[in-house]
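In our numbering, the protein residues as written are 43 to 288. Ideal placement from N, C-alpha and C gives every residue a C-beta, glycine not left out. Quick caveat: nothing in here was measured; it's all calculated off a predicted structure. Notes for the one structure printed next.
Here's what the structure looks like:
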């Protein structure tokens, strides 16, 4: 996490009064933020952090707090607050790191990664084809509820907690490769390494599909692993959508 006076704005909306922003400098600042995989924390308080305190008023957002993927994952609800400027031309910033808290049950969500599993349609069909007496509306509601429950249970058993599954497969691959380092021509170990590598790559693919859907960031193209970016986007969106002060 980095916080302070950057002496530059990101967007034209972050300045009022005076001359227009310098587009080339703003673009350079934005490229630096993207290159370092940083993202804005949610801000509360006044909209601008600097003022020339003159009658021909100029206000800008020169001060900000940025976080990287690790900070945003550990403190997804973190934010900072702009206090009043007082006698200074800059507003004081106070950072509130908010760690992850356990929450109640989450609403049902459909994940596209399910569609690629060979047992997905059978699971839906078995859940939907239960016998339910009563009116047509009651039958529909009951079938939907049952299908939702079955898919949640199926998802937990087949995919499991995605991060846990990924780490287990990564450790399995590392263990085989450690054995290979002492016996590099062992054909059985070579076959096990290939199997473990394919298993780990499949877990990586599933993880990226999962976080890609949750991130709502569609402008990144598939290819290189963008998992850290997606997790940061999820955390940043959660932070922005939360209400901190009324």
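Distance between residue 55 and residue 65, taken at the CA atoms: about 12 Å. Spanning the alpha carbons of residue 119 and residue 70 requires a straight line of approximately 28 Å. Residue burial annotation: residue 186 is exposed, with fewer than 16 other C-beta atoms found within 10 angstroms of its C-beta.
The way I'd put it, the segment 231 to 241 doesn't touch the segment 190 to 206; fewer than three beta-carbon pairs between them come closer than 8 Å.
DSSP places residue 44 in the uninterrupted beta strand (DSSP E) bounded by 44 to 47. A Cβ-Cβ contact shorter than 7 Å links residue 156 with residue 162. In the DSSP assignment, residue 180 falls within the unbroken alpha helix (DSSP H) covering 178 to 200. Remark: C-beta atoms of residue 68 and residue 51 approach each other more closely than 7 Å. With a threshold of 16 other beta carbon atoms within 10 Å, residue 105 meets it and is buried. Annotation: residue 229 to residue 218 spans about 12 Å, alpha carbon to alpha carbon. The three-state secondary structure of residue 68, taken from DSSP, is helix. Looking at the backbone, the Cα of residue 97 and that of residue 131 are separated by about 14 Å. Residue burial annotation: residue 73 is exposed, with fewer than 16 other C-beta atoms found within 10 angstroms of its C-beta. Rounded to the nearest whole angstrom, the C-alpha separation of residue 174 and residue 183 is 10 Å. The beta-carbon distance between residue 122 and residue 103, rounded to whole angstroms, is 12 Å. This is too long to meet the 8 Å contact definition. The beta carbon of residue 238 sits closer than 6 Å to those of 214, 215 and 218, all from its chain and outside the five residues before and after it, given in chain order. Within a 10 Å sphere around the beta-carbon of residue 49 sit fewer than 16 other beta-carbons, which makes this residue exposed.
By the neighbour-count criterion, in which 16 or more other beta carbons inside 10 Å mark a residue as buried, residue 57 falls on the buried side.
If you draw a 10 Å sphere on the C-beta of residue 242, you find 16 or more other C-beta atoms in it, and that means buried.
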